[in-house]
Amino acid sequence: MQTGSRNRPGEDGAPPASATFEHRRRRDAAAVLPFAALVLFVSPLLDLMAGADTLFGIPVGVLYIFGSWFALIAATGLLARRLGDDQER
Amino acid sequence: MLAWDVLVTVCLGYVVFLFAIAFWADRRARQGRFGWLRSPYVYTLSLSVYCTAWTFFGAVGTAARSGYEFLPIYLGPTIVFTGWYFLLRKLVRIARTQRITSIADLISSRYGKSPVLGVAVTLLAVLGSTPYIALQLKSITLSFSVFANGGEDAAPVSELTALYIAIGLAIFTILFGTRNVDANERHHGVVAAIAMEAIVKLAALLAVGIFVTWVLFAGPQDVFAASPAHLAAIDTVVTPRWVTLTFLSASAIVCLPRMFQVLVVEQTDERNLTTAVWAFPLYLALISLFVLPIAIAGLDRLPGEDPDLFVLTLPLSAGANGVALFAFLGGFSAATSMVIVAAIALSTMVSNHIVMPLWLGWARSKGRAGDLRAVLLASRRLSILAILTLGYLYFLVAAPEALAAIGLISFAAMAQVFPALVGALFWRGATGTGALAGIAAGFLIWGYTLALPSFEGDFLLGAATIEHGAFGIAALRPHALFGLEGFDPLTHTLFWSMLANVSLFVGVSLASRPQPLEQFQAAQFVDVFRQSEAAPALVARSATSEDLLALATRILGREEGEELFARAARAQGKRGGLPDPTDSFIEHLERELAGAVGSASAHELVSQIAGRGTVSVDGLMKIADETLQLIETSRRLAAKSAELEETARQLRHANDQLKRIDALKDAFLSQVSHELRTPMTSIRAFAEILEETPDVSSEEARHFLGIIREESQHLTRLLDEILDLSFLESGRVTFNIAPVRLSEVIDRALFSTQGLARSQGVTIETIREVPEIEIETDFDRVAQVVINLISNAVKYGGSVDPRITIRMGRDADGAFIEVADHGPGIPPDKREEVFEKFTRLSEANLAGSAGLGLPIAREIMRNLGGGLRVMPNRPGAVFRMDLPDRPPAAAPAPQEKAAKDVPPSPVNEEVTPAHGLQSST
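Chains as they are written, first to last, in our numbering: chain A, 87 to 175; chain B, -5 to 915.
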């Protein structure tokens, strides 16, 4: 787990943040993900969504579960790539 | 209907294809041309051994019966993978640095390379997995029987098929799984074949899903419109069972022997994880995408048929033989890949943790030291055969209905390892005793409340016991332990087993003390990311390099053993020959051997040669490392900052003093210049009068010249006094020390002041102590002080009772001379002020001193080692000179004096100029 002291220009004109800070932010985001997954899949939120309602003929519960699933996959993938880059340095 | 021989031909062709892939991949790996074998996608696909035939067929069955309930099995792993950065990454890194070969090895290694824990986890894994293997055999025969239903009797076919398949799997596993004793326990051929099978099963399920959704139905809306009532309206999804299933599958993804094998042991590159963490959940999402549509379609089109086989029967009944055949191969792939990897993982565990220690003990008692490699390989192969045989036997004897529940029962068994695993990674204080207690308790509860009752009274637990509890005690009913009712058996078991497991694990860990080796391993595991690769050796051991090489070749083979030693020698900076048997090399070797035989056995083997050794100081330091280092660092930092604070405080103090001294100096200078200007002004004024007034009378002129002379004398005296004071204050005055009689000093002073006294009408009386007091001091200087005091007394003593008393003597404070007048005295708050420069006590008497007499007198006394003070409680002013018997050996250093004497009380600074000003106007 190495973090360079190299500075990167921040996005949208923000002051450049250090790589260490960026890495910590990604790590914190990575820590949030499993809890987000828990809330999405093992909480009354799911009960709320899994009713008899349908959207375009498909149960809302199914759309909710697979939608959340793919969103989590995308978030994990993006973060993993960044964190993997951090690790390489 | 598909012809039976076509099915068998395709199946055999597929098997040959898999063998070819495995063979080819193995050869490539051996030639060092890894290429895509190390690709993150191959790694991801190999993880799909998680999806067995039970999930391939059973997920649809579960969905058909209870809707969303098939999902937690996939959502649990997804949750774990989203948190990969904290769990999986650490697990993989630890396994790589410690050369971990299995889940049992991990637990054993972390808890002090404990052989007992290795055995316990191995037994648990075998008990949990063998029925699961039986389940795979069952699913394959079931799927065969679907196709064979054409006419022949299904039963004998299925049993024989299962046997053939078990034999085929054994051959494949032994061929590619135990080709060599790899120091890394990696099987590239197996992984390649499994990756292929992963593609086949995903593609097959997607094909069936697409066929069902768009061929049998007119799209997903059409399918969901056909939902039966019990699937369409689900009130609560998140039930206790849902939570249980999620937890079970989350723990299974790391704890199941086969999952640990592909996820951790077969891992070729840590960076692959960053791909797998999103790709594997994607695989799971895709494989579950069509589960609900297939289930709904099956319920709609094939009511009354076994929902577990909808994946096959739906395309078959529609006449889509190609899709059915593909689905069959998918299920076959799912079943075989699970069996192969499970058999490899279990055989590694059994041979490393059960066979090897037994054999080592036996060989030692017989005094034999043969080729361990052969033993290891043989034990692996036999273990594989034994495990598959066990699975087959279980398949034969167990009731078919009991098999359905096996999947989750198996998960629940391995979940008992989960607390110990998490503790191993994150809790330094977790001990082997605690882990063993937790696992044992969890295992007992699992067996009593879940595994044994699943035989429905056919095995160990009778039907009566299951119904009414052991010995008829209601509190011991397996499905309602301690009266806990209203939960399904799985949730019930998981609650009690985890409660017992975790509380014993934590409680016993807190109560027990870990062994040094255990503490060392705990540090290595928990702080894996903070450790350098080359950890210092814990144990100081000694062995000859030759013995160690012999051991290494016995386990790794000649070629690999020699290669290992050559590398180590190069690392030690040697050009050739054997490496030195240093502690760290022995430790390194032990770890390399652990990659083949497991950490506990490797430890035992190396200890047989090098001895148990003593725990080295370096090792202990390492144990106490990170945390203590942190504490130490912060403690040092705190000390540093305290030091800094102290320095800053001193600096501030010094600065304040300097400022005060500076202010004093300014005040003094302005005072001096003022004092000098006053006589100068009058001299200049009278000189100007004399010059500018032509007709000045000679009498007037004499008067003016008299004033000028007087003022000049005043000026000279002032300059002399300033000079004298500055010399005294800087300690640059040399004294003329000699034996001095005090009465002689007084006589001299009286003589000098008699004129002054007479002119003021003052009488002076002296009280002399007998015998004569003689001290060593500077006669002239002491006399100067007495003279100064007498003239002060004459000046300020007042005119009511103009009398001065001089007393000399010796008391507790030493020799002294006192000069007392009978005037108004000095008010207490002015007693220190009189020693300030340019101070005059009243404006009444202006003549004479410039106000430096007393400061000079005090400086003289101090320089001589004594003091000058104003005594209280007498009528009139009393000055007392303290006279030491001899002056201090060395004159006090200037700076020392400056620091001691300079700061006066702040009052003086204000008062002094005022007095000075008044005195001169």
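Positions of the beta carbon are idealized from the N, C-alpha and C atoms, including for glycine. These numbers were taken from a predicted model, which means no experiment stands behind them.
Check your understanding: Checking contacts by CB at 8 Å: is R111 (chain A) closer than that to chain B?
Key -> no
Check your understanding: So, does the CB of V237 (chain B) fall closer than 8 Å to a CB anywhere in chain A?
Key -> yes
Exercise for review: Work out the CA separation of Q215 (chain B) and A406 (chain B) for me, nearest whole Å.
Suggested key: 37 Å
Exercise for review: Can you give me the Cβ contacts of A885 (chain B) inside the same chain, cut-off strictly under 6 Å, excluding the 5 residues immediately before and after it?
Suggested key: Low per-residue confidence applies at A885 (chain B): pLDDT is 48, beneath 50, and the placement is therefore not dependable, though the value from the model is reported in the following sentence. The residues are G725.
Check your understanding: Do you know how far the Cα of F489 (chain B) is from the Cα of A505 (chain B)?
Key -> 24 Å
Review point. Does the count of Cβ pairs from the region 71 to 84 of chain B and the region 309 to 328 of chain B closer than 8 Å reach three?
Key: no
Check your understanding: Is L498 (chain B) near G428 (chain B), with beta carbons less than 8 Å apart?
Key -> yes
Review point. DSSP puts P733 (chain B) in a beta bridge; with which residues?
Key: B:E770
Check your understanding: Touch check for the region 447 to 464 of chain B and the region 205 to 215 of chain B: three-plus C-beta pairs under 8 Å?
Key -> no
Point to revise | Residue from B:V237, B:P222, B:L69 whose Cα sits closest to the Cα of F481 (chain B) | key: B:V237
Check your understanding: What whole-angstrom Cβ distance do I677 (chain B) and E694 (chain B) have, given they're in contact under 8 Å?
Key -> Actually they do not touch by this definition, with Cβ atoms about 16 Å apart.
Review point. If we cut at 8 Å on Cβ distances, does G153 (chain A) have a partner in chain B?
Key: no
Exercise for review: Note down the Cα distance separating A642 (chain B) from D774 (chain B), rounded to an integer number of angstroms.
Suggested key: 46 Å
Review point. Helix, strand or coil: which one does DSSP assign to V0 (chain B)?
Key: helix
Check your understanding: Between which two residues does the beta strand (DSSP E) containing R235 (chain B) stretch?
Key -> No beta strand (DSSP E) contains R235 (chain B), which is instead part of the alpha helix (DSSP H) from 234 to 249.
Check your understanding: Along chain A, which residues have their Cβ under 8 Å away from the Cβ of L415 (chain B)?
Key -> Here the premise fails: no neighbours, minimum Cβ distance about 16 Å.
Review point. Does any C-beta atom of chain A lie closer than 8 Å to the C-beta of E527 (chain B)?
Key: Residue placement at E527 (chain B) cannot be trusted, given a pLDDT of 49 that sits under 50; what the coordinates show is reported in the next sentence. It does not: the Cβ of E527 (chain B) has no partner Cβ on chain A nearer than 8 Å.
Review point. Using 8 Å as the limit for Cβ to Cβ distance, is T3 (chain B) near chain A?
Key: no
Check your understanding: When burial is assigned at 16 or more other CB atoms within 10 Å of the CB, is K360 (chain B) buried or exposed?
Key -> exposed
Check your understanding: Would the beta-carbon of I288 (chain B) fall within 8 Å of that of L308 (chain B)?
Key -> yes
Review point. For G808 (chain B), which of helix, strand or coil comes out of DSSP?
Key: strand
**Study point:** chain A residues whose Cβ lies nearer than 7 Å to that of L65 (chain B)
**Key:** I151
Review point. By how many angstroms is the C-alpha of E639 (chain B) removed from the C-alpha of P413 (chain B)?
Key: 47 Å
Practice item. Could you tell me if G589 (chain B) is buried or exposed, where buried requires 16 or more neighbouring beta carbons within 10 angstroms of its beta carbon? Key: buried
Exercise for review: Could you list which residues in chain B have their beta carbon closer than 8 Å to that of S104 (chain A), in chain order?
Suggested key: Near S104 (chain A) there are no residues of chain B at all, since even the closest Cβ is about 20 Å away, more than 8 Å.
Point to revise | Endpoints, alpha helix (DSSP H) assigned at D294 (chain B) | key: 285 to 295
Practice item. Please name the residue, chosen from B:I338, B:E586, B:Q92, B:Q513, that lies closest to E554 (chain B) on a Cα-to-Cα basis. Key: B:E586
Check your understanding: Starting from G861 (chain B) and walking both ways along the beta strand (DSSP E), at which residues does that stretch end?
Key -> 861 to 865
Check your understanding: Are the Cβ atoms of G284 (chain B) and S96 (chain B) separated by less than 8 Å?
Key -> According to the sequence displayed, residue 284 (chain B) carries Phe and not Gly. No, the pair does not count as a contact, with Cβ atoms beyond the cut-off.
Review point. In terms of alpha-carbon separation, which member of B:R671, B:A23, B:S103, B:L354 lies closest to V520 (chain B)?
Key: B:S103
Practice item. Can you pull the chain A residues whose beta carbon is under 7 Å from the beta carbon of F80 (chain B), in chain order? Key: A117
Practice item. Could you spell out the range, first to last residue, of the beta strand (DSSP E) harbouring T757 (chain B)? Key: 757 to 761
Practice item. Starting from the Cα of A809 (chain B), find the closest Cα among B:M855, B:G791, B:H816 and give me that residue. Key: B:M855
Exercise for review: Specify the secondary structure class of F662 (chain B) as computed by DSSP and reduced to three states.
Suggested key: helix
Practice item. Using 10 angstroms around the beta-carbon of Y37 (chain B), count the other beta-carbons present and answer buried if the total reaches 16, otherwise exposed. Key: buried
Exercise for review: Leaving aside the five residues before and after S566 (chain B) along the sequence, list all residues of the same chain whose C-beta is less than 8 Å from its C-beta, in chain order.
Suggested key: The question names Ser, but residue 566 (chain B) in the sequence shown is Gln. Same-chain partners within the cutoff: P573, D574, T576, F579.
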